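Numbering (this note's numbering), first residue to last: 525 to 714.
For every residue, glycine included, the Cβ atom is placed at its ideal position computed from N, Cα and C.
The structure presented is a predicted model; accordingly, all values stated were derived computationally and were not measured.
This report refers to the structure that appears directly beneath it.
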């Protein structure tokens, strides 16, 4: 989805006579993502799988140690501490990320929140997006989740991870930017 930036947009002057440059704007009210009628793309529940796997693995090890009569050993106590403290912390982290990862396609740009611990959503004008692609991991191929990677004209890269059906988001961005969504091929998803 590589494209040329419209340079005439960059040369428009603002009210003070300074040249207008598209810029990233932090949204002051995170609730603005939910107020509009536009579709909001969110994270997938697979974000909880690492926490679930850790809890199952440690619980299974503790059950094994208990069945062998070693429930009072140092290893058993360490496992109980991890289950009692580590798993709830990981679950809280996953829950906060699940609740805050969002992407919204607006007429003039993209509004996204990369997830907790970032505090505020960001508005990104389409004029700053030079290229967009999707990266899949192992779980991404299994659960249709991935990372939306936006290469900006400034040379920076924005990555929004754990999105559900990121190819739909890529199509929506291409359509909003006035490009042919059918021109996006699987080759651009890495």
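* Asked: Which of the three DSSP states, helix, strand or coil, is assigned to residue 639?
  -> Position 115 of the chain shown, counted from the start, is the residue given in the question as residue 639. Note: residue 639 maps to coil in three-state DSSP.
* To do: Determine the direct distance from the alpha carbon of residue 563 to that of residue 577, and round the result to whole angstroms.
  => Here residue 577 refers to the residue found at position 53 of the chain shown. Here residue 563 refers to the residue found at position 39 of the chain shown. Within the model, the alpha-carbon separation for residue 577 versus residue 563 is close to 32 Å.
* Asked: Under 8 Å, do residue 686 and residue 571 count as touching if we go by C-beta distance?
  -> Position 162 of the chain shown, counting from 1, holds the residue named residue 686. Position 47 of the chain shown, counting from 1, holds the residue named residue 571. Yes, the Cβ-Cβ distance between residue 686 and residue 571 is below 8 Å.
* To do: Please state whether DSSP places residue 591 in a helix, a strand or coil.
  => Sequence index remark: in the chain shown, residue 591 carries index 67 (1-based). In the three-state scheme derived from DSSP, where H, G and I count as helix and E and B as strand, residue 591 is classed as helix.
* Measure the C-alpha to C-alpha separation of residue 689 and residue 677 and round it to an integer number of angstroms. => As a position in the chain shown, residue 689 is number 165, starting the count at 1. As a position in the chain shown, residue 677 is number 153, starting the count at 1. C-alpha separation (whole angstroms): 25 Å.
* Length of the line joining the Cα atoms of residue 594 and residue 584 -> Position 70 of the chain shown, counted from the start, is the residue given in the question as residue 594. Position 60 of the chain shown, counted from the start, is the residue given in the question as residue 584. A straight line joining the alpha-carbon of residue 594 with that of residue 584 spans about 14 Å.
* Using DSSP with H/G/I as helix, E/B as strand and the rest coil, what is residue 689? -> Here the question's residue 689 lines up with position 165 in the chain shown. In the structure shown, residue 689 sits in coil (DSSP, three-state: anything other than H, G, I, E or B).
* Roughly how many angstroms lie between the CA atoms of residue 668 and residue 702, to the nearest whole one? -> The residue labelled residue 668 in the question sits at position 144 within the chain shown. The residue labelled residue 702 in the question sits at position 178 within the chain shown. One C-alpha to the other measures close to 25 Å.
* Boundaries of the beta strand (DSSP E) in which residue 702 is found, first to last residue -> Against the chain shown, residue 702 aligns to sequence position 178. Judged by DSSP secondary structure, residue 702 falls outside any beta strand (DSSP E); it is assigned neither H nor E.
* Asked: Whose C-alpha, out of 607, 683, 612, 646, is nearest the C-alpha of residue 630?
  -> Mapped onto the chain shown, residue 630 falls at position 106. Residue 646 is the option with its Cα nearest to residue 630.
* Please determine, among 623, 632, 652, the residue with the shortest C-alpha to C-alpha distance to residue 639. => Taking the chain shown and counting its residues from 1, one reaches residue 639 at position 115. Cα-wise, what sits closest to residue 639 is 623.
* In the structure shown, what three-state DSSP assignment does residue 660 receive? -> Here residue 660 corresponds to residue number 136 of the chain shown, with the count starting at 1. Here residue 660 carries a coil assignment [DSSP, helix/strand/coil].
* Using DSSP with H/G/I as helix, E/B as strand and the rest coil, what is residue 644? -> Indexing the chain shown from 1 puts residue 644 at position 120. Coil, per DSSP.
* Asked: Starting from residue 673 and walking both ways along the beta strand (DSSP E), at which residues does that stretch end?
  -> To locate residue 673, count along the chain shown from 1; it is residue 149. 669-676 is the extent of the beta strand (DSSP E) around residue 673.
* Leaving out five residues before and five after residue 579 in sequence, what residues of the same chain have Cβ atoms less than 7 Å from its Cβ? -> As a position in the chain shown, residue 579 is number 55, starting the count at 1. 607, 611, listed in sequence order.
* With a threshold of 16 other CB atoms inside 10 Å of the CB of residue 621, please say whether the residue is buried or exposed. => Counting from one through the chain shown, the residue named residue 621 turns up at place 97. Buried.
* Work out the CA separation of residue 654 and residue 675 for me, nearest whole Å. => By 1-based counting over the chain shown, the position of residue 675 is 151. By 1-based counting over the chain shown, the position of residue 654 is 130. Their backbone Cα atoms lie some 6 Å apart in a straight line.
* **First and last residue of the uninterrupted alpha helix (DSSP H) at residue 605** => Position 81 of the chain shown holds residue 605. From DSSP, the alpha helix (DSSP H) with residue 605 extends over 598-605.
* To do: Look at the alpha carbon of residue 627 and the alpha carbon of residue 699, and state the distance between them as a whole number of angstroms.
  => Position 103 of the chain shown holds residue 627. Position 175 of the chain shown holds residue 699. Distance between the alpha carbons of residue 627 and residue 699 is about 15 Å.
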